[in-house]
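**Q**
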Amino acid sequence: MVDEVVDVADRAARRARSIPLAFGAGAAVGLLGGMIGLGGAEFRLPLLISLFGFAALVSAVKLAQH
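Going by the working numbering, the sequence shown opens with residue 749, and the numbers climb by one from there.
1. Is it right to say SER807 is buried, meaning 16 or more other beta carbons lie within 10 angstroms of its own, or is it exposed?
2. Between ARG792 and SER766, what straight-line distance do the alpha-carbon atoms span, to the nearest angstrom?
3. Please work out which residues of its chain come closer than 8 Å, Cβ to Cβ, to ALA812, disregarding the five sequence neighbours upstream and downstream, and give them in chain order.
4. How long is the line joining the alpha carbons of GLY781 and GLY787, rounded to whole angstroms?
5. Beta-carbon separation of LEU795 and VAL809 under 8 Å?
6. Check this for me: beta carbons of LEU799 and ALA773, under 8 Å apart or not?
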């Protein structure tokens, strides 16, 4: 029971930390993509893999959905 409470608290803390990181990464991708006239996928894929820990296949599928 205590392990479950700690796990939930840990997930909430990671989520709270990732919100500003996601906002900053999205702003940077939008700025760079807008400056060079691309959609930004060239910048999003490395960020999804390195910063947010997505697997490469999951990242590619997420980019293809947009």
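From the three backbone atoms N, C-alpha and C, an ideal C-beta is built for every residue, glycine too.
**A** Working from what's here:
1. Result: buried.
2. ARG792 and SER766 have their C-alpha atoms spaced approximately 15 Å apart.
3. Closer than 8 Å at Cβ, skipping near neighbours: no residue.
4. Those two C-alpha atoms are separated by around 6 Å.
5. Not closer than 8 Å, so no.
6. Using a Cβ distance threshold of 8 Å, LEU799 and ALA773 count as a contacting pair.
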